[in-house]
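Peer 1: Starting off with a structure, shown below.
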DNA sequence: ATCTATTTTTAGTTTTGTCTAAATTTAAAT
DNA sequence: ATTTAAATTTAGACAAAACTAAAAATAGAT
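Protein chains in written order, with the working numbering: chain A, 23 to 253; chain B, 23 to 253.
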């Protein structure tokens, strides 16, 4: 009974703000027992370092982060678990919006930021099943499993692919709206086949074949596209 | 520009709490230019009258309710519009949960209470379309249209139906979990045909034919079922 | 090793939404 | 028309989450 209450307090009764902090810390690498500075978190969340300090103390009290003054925070196992459950929800909702409601991949983030905080295990499990248990979100980011497992993919940046190598476009590094819209406009989509034909030493631009059609791509673009090698 | 900001402040930037107050006031009849007392609102929301007073002032400042000290509040046109948009979202999400995710009708309320606060016009319009623009929620309550129109139905309580009259079960007055579970257990569902065979003067219980099968129903039950008359 | 510049924390304030307790108003009853 | 009981509001306090400005600690450069 006491045990159950502890569970309820730490897992169910997380505030929206606490959840957002955990998510951010995870994305900044705080799950790899790396210390993330309050400054870095503040910048990412567009808030002030002093606010982060307050929250660091609170999350530390709840056993979700390890916090050392003037050093930074890293996630505990409980913190990682919670962060992954939020990221899981976020990404599943993104898939739902795209696959079931015809949202475009540049529209989903904002809405998913809200939906990820809905508290109902049954709901997200049903959404998962409705979508047939997708492994990746619309931007190619992996969706953690229910028990918090992360399936990393063997992918590299297009800009790091050698000449004459083949692959499939599987994800974006930058998922900002302008970048995604740019990709749409240029018919670059996840799932496309890619062959690197040539690299220009001068500006690092690439000549590639995408879905059979030849095109030229700037380094800026190539360094934000993830590709899975074929061979 | 200034005008747009006013719109943003009053419509988009409603807090969850404000939305819940408006919804409650509407459900208590505050949309019919009837004054709802702070006490009634407090009881419904399981909060204190003094808290309601505070919120009444705030909503009044925003032009969403008319508030007269010691009298109570009623919704303005803007308040009604906002309340209806929340109720619309709530009921559409309920339909979604039942029709697309196989929730039972006694499970949906709690989750819909969260989902109704998601801020995305596009999202709820897409959900509406996905569901093929349903007119009623799983409990038979009408879903307001996008422009805030309410389609009332010509329905009466089963307990008020005369002997030998026929109808279709279209809604529940009490949508508490125990009542809904009771109906499930007794195979009483919306859409069932109903004929009143006999009334017992002693305890006001009814003998009815439901989907061809004869059964006896207490007054307690009959006074919480809405029926649409056939003839 | 000391001094700065930067980072981080502390202390104190604000806003939102709630509460309790006290004061006020209303309404009902004589 | 008073009186009293009930309803309602006010005043003051609190918790959460943020902020600003000042203080403290760290790290880099000499």
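Ideal Cβ placement from N, Cα and C applies to all residues, glycine included.
In the region 113–141 of chain B, which residues sit with their C-beta less than 9 Å from some C-beta in chain A, listed in chain order?
Peer 2: Listed by position along the chain: 119, 122, 123, 124, 125, 129, 132, 133, 136, 137, 139, 140 and 141.
Peer 1: Within 10 angstroms of its Cβ, does residue 205 of chain A collect 16 or more other Cβ (buried), or is it exposed?
Peer 2: That one is buried.
Peer 1: Can you tell which of B:155, B:162, B:67 and B:190 has the C-alpha that lies nearest to the C-alpha of residue 135 of chain B?
Peer 2: When only C-alpha atoms are compared, the closest one is B:67.
Peer 1: Strictly under 8 Å for the Cβ-Cβ distance: is residue 148 of chain B near chain A by that measure?
Peer 2: Closer than 8 Å to some Cβ of chain A, the Cβ of residue 148 of chain B qualifies, so yes.
Peer 1: Assuming residue 212 of chain A contacts residue 192 of chain A (C-beta within less than 8 Å), just tell me the rounded distance between them.
Peer 2: Right, their Cβ atoms sit about 6 Å apart.
Peer 1: Taking only beta-carbon atoms, is residue 35 of chain A less than 8 Å away from chain B?
Peer 2: It does not; no Cβ of chain B falls within 8 Å.
Peer 1: If residue 179 of chain A sits next to residue 248 of chain A, beta carbons under 8 Å apart, how far is it from one beta carbon to the other, in whole angstroms?
Peer 2: Confirmed, Cβ separation roughly 6 Å.
Peer 1: Identify the continuous beta strand (DSSP E) that holds residue 189 of chain A and give its terminal residues.
Peer 2: Note, residue 189 of chain A: beta strand (DSSP E), 188–194.
Peer 1: Compare the C-beta of residue 287 of chain B against all C-beta atoms of chain A and say whether one is closer than 8 Å.
Peer 2: The requested residue 287 of chain B does not occur in the structure, where chain B is confined to residues 23 to 253.
Peer 1: Of the residues A:104, A:210 and A:160, which one's Cα is nearest the Cα of residue 40 of chain A?
Peer 2: Ranking the options by Cα distance to residue 40 of chain A, first place goes to A:104.
Peer 1: Excluding the five sequence neighbours on either side, which residues of its own chain have a C-beta within less than 7 Å of the C-beta of residue 120 of chain A, listed in chain order?
Peer 2: So the list reads 127, 130 and 160, once near-sequence residues are dropped.
Peer 1: For residue 232 of chain B and residue 81 of chain A, what's the separation of their Cα atoms in angstroms?
Peer 2: One C-alpha to the other measures close to 56 Å.
Peer 1: Assign residue 91 of chain A to one of two classes, buried (16 or more other C-beta atoms within 10 Å of its C-beta) or exposed (fewer than that).
Peer 2: Exposed is the call here.
Peer 1: Along chain B, which residues have their Cβ under 7 Å away from the Cβ of residue 106 of chain A?
Peer 2: The contacting residues do not exist; residue 106 of chain A stays about 21 Å from chain B at best.
Peer 1: With the cut-off set at 8 Å, would you say residue 52 of chain A and residue 96 of chain A are in Cβ contact?
Peer 2: Contact: yes.
Peer 1: Can the beta-carbon of residue 225 of chain B be found closer than 8 Å to that of residue 185 of chain B?
Peer 2: Cβ atoms of residue 225 of chain B and residue 185 of chain B: not closer than 8 Å.
Peer 1: With DSSP collapsed to three states, give me the class of residue 101 of chain B.
Peer 2: Note: residue 101 of chain B maps to helix in three-state DSSP.
Peer 1: Determine the extent of the alpha helix (DSSP H) in which residue 150 of chain B is found, giving its start and end residues.
Peer 2: Start and end: 143–152.
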